[in-house]
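Below is one structure, written out as structure tokens; the observations come after it.
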DNA sequence: ATCCGATATATCGAGCCGATATATCCAGCC
DNA sequence: GGCTGGATATATCGGCTCGATATATCGGAT
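Residue numbers (the working numbering), protein chains in the order written: chain A, 268 to 479; chain B, 268 to 479.
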């Protein structure tokens, strides 16, 4: 869940935890709010799995921007006292810059392609994958969209079958509203799928014929 | 969260855990799927808090239906051997019928009226309260709807302000779709609020005048 | 000089989820 | 009678997320 989001952001550039959280709230914020209680354990898990690694805070980034803010290390006009005060302390709180490893690229691709079991947060899982689906090949992207379409379609049929009879006025109104929302999600998905198919087969004279 | 749903169902009639789970999935199923890992601890918490109590499984219900299925106790044509085999075993698995206490009624009312801090599952929390809002007085119901309206409105403004610029094509499409959904939720709420106001002030000649 | 707020990492308790273990009853079958 | 499979029923486990909180550092305002 959260791992996918972290890997997706680190794929673009190395970041440290605090900045990672800001960007998660910034670009994926409308999906869900990440807390430190989730973020730091997730970073540890990913590091343990070899998907990400820590770039030593004192060393410069391999080939990226020259650190817009000089951060916490390697300032020139630095007194010896300050250097002594900072470096040898074992509890020194420095930035831990995290970088994606080649293994991390694999894990990212696996998570993005994985067919999750339908669960409590199907919504979030799909939205997250969709948000990063520019990293998917055309067929895998279509597969993602159609898996989601199948899931929504089933939910809609189930809702239409049993929901409107039960409960009082408020419960029925709620059920009806959710059914409408699901139907609109489905229509949106259909548009997306159609657009993907058009992008895959740009020839307008062959529409409806997939076999040669 | 889950406590509210349990109390709301037990408010209508005493139930045991298994049946409770079935009804949760049945009538509130389109909200979220309850698991035993949540249900039984929640029941224990509620019992500890004095909000619910166990009706002795052997004793008949106080004044309700005569147990459609005779359940597990008190069948007439029963051998002495069977009685011995069943009753004295300390591990005997019988139904634990739970019943709402007067304290439970209070807790239910508190949970239903409470103004939750905006969190990860604002959605679920509102939907749940709305599903039971027939137990609220007219003004409290209006307050619930308008709190929700305010929250959605803020989210919508935030989304409209910053979302459409960032990210690639897919992320923007996702953000736009979510914004539309939020706008429709808002419109739905406005209808509900208008309906509630009409119900509270049935006189059509005084619309727009709240002070006497 | 010192305090304040932003930056930054980390942990804690509690709740929820999916999976699984355990136990009982009943219907069908030989 | 005895056996099995499936529905009923209670309970726990590990893992993840959340909100709150602790701790530490740094830059700038006073």
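No residue lacks a Cβ here, since even glycine has one placed at the ideal position from N, Cα and C.
**Request:** In the DSSP assignment, find the beta strand (DSSP E) that holds residue 322(B) and state where it starts and stops.
**Result:** 319 to 322
**Request:** Check whether the Cβ atoms of residue 467(A) and residue 371(A) lie closer than 8 Å to each other.
**Result:** no
**Item:** Beta-ladder partner(s) of residue 364(B), from DSSP
**Value:** 283(B), 322(B)
**Request:** With distances taken Cα to Cα, identify the nearest neighbour of residue 424(A) among 432(A), 409(A), 314(A), 450(A).
**Result:** 450(A)
**Message:** Please report the distance separating the alpha-carbon of residue 321(A) from that of residue 283(A).
**Reply:** 9 Å
**Message:** Could you check whether the Cβ of residue 305(A) sits closer than 8 Å to any Cβ belonging to chain B?
**Reply:** no
**Asked** Which residues mark the beginning and the end of the alpha helix (DSSP H) in which residue 393(B) is found?
**Response** 389 to 398
**Message:** Excluding the 5 residues flanking residue 307(A) on each side, which residues of the same chain have their C-beta closer than 7 Å to its C-beta?
**Reply:** 284
**Request:** Would you tell me roughly how many angstroms separate the C-alpha atoms of residue 392(B) and residue 268(B), rounded to the nearest one?
**Result:** 6 Å
**Item:** Alpha carbon of residue 462(B) to alpha carbon of residue 445(A), nearest angstrom
**Value:** 19 Å
**Request:** State yes or no: is the C-beta of residue 309(B) within less than 8 Å of the C-beta of residue 374(B)?
**Result:** no
**Message:** Relative to the C-alpha of residue 413(B), which candidate in 276(B), 452(B), 286(B), 311(B) has its C-alpha closest?
**Reply:** 452(B)
**Asked** Just the Cα atoms here: how many angstroms apart are residue 416(A) and residue 402(A)?
**Response** 20 Å
**Request:** Using three-state DSSP, classify residue 433(B) as helix, strand or coil.
**Result:** coil
**Residue-level contact to chain B via CB, residue 435(A), 8 Å cutoff** = yes
**Message:** Between residue 420(A) and chain B, is any beta-carbon pair separated by less than 8 Å?
**Reply:** no
**Asked** Is residue 273(B) closer than 8 Å to residue 295(B) when the C-beta atoms are compared?
**Response** no
**Request:** Could you name the residues of the segment 280 to 296 of chain A whose beta carbon sits closer than 7 Å to any beta carbon of chain B, in the order they occur along the chain?
**Result:** 294
**Message:** Taking the straight line between their C-alpha atoms, what separation do you get for residue 447(B) and residue 289(B)?
**Reply:** 34 Å
**Item:** Residues near residue 427(B) in its chain [Cβ-Cβ closer than 7 Å; skip 5 each side]
**Value:** 446
**Message:** Using only CA atoms, which one of 385(B), 301(B), 442(B) lies nearest to residue 398(A)?
**Reply:** 442(B)
**Request:** Determine the contact status of residue 379(B) and residue 363(B), defining contact as a CB-CB distance below 8 Å.
**Result:** no
**Asked** Is it right to say residue 304(B) is buried, meaning 16 or more other beta carbons lie within 10 angstroms of its own, or is it exposed?
**Response** exposed
**Proximal residues of chain A, C-beta to C-beta of residue 401(B) below 8 Å** = 435, 436, 437
**Asked** Taking DSSP as the reference, what is the three-state secondary structure of residue 468(B)?
**Response** coil
**Prompt:** Beta-carbon of residue 441(B) versus every beta-carbon of chain A: anything under 8 Å?
**Reply:** yes
**Request:** Note down, in chain order, each residue of its chain lying with its Cβ closer than 8 Å to the Cβ of residue 455(B), except the 5 sequence neighbours on either side.
**Result:** none
**Request:** Could you work out which residues of chain A lie near residue 300(B), taking near to mean beta carbons separated by less than 7 Å?
**Result:** 387
**Request:** Within 10 angstroms of the Cβ of residue 408(B), are there 16 or more other Cβ atoms? Answer buried if so, exposed if not.
**Result:** buried
**Request:** For residue 429(B), I'd like the list of residues in its chain whose CB is within less than 6 Å of its CB, leaving aside the five on either flank, ordered along the chain.
**Result:** none
**Asked** For residue 382(B), which of 369(B), 411(B), 361(B), 394(B) has the nearest alpha-carbon?
**Response** 411(B)
**Asked** Quick one: what does DSSP say residue 453(A) is sitting in, helix, strand or coil?
**Response** helix
**Prompt:** By the criterion of Cβ-Cβ separation under 7 Å, what are the contact partners of residue 397(B) in chain A?
**Reply:** 437, 441
**Item:** CB contact check: residue 444(B) to chain A, cutoff 8 Å
**Value:** yes
**Message:** Between residue 417(A) and chain B, is the shortest Cβ-Cβ distance under 8 Å, so that the two count as touching?
**Reply:** no
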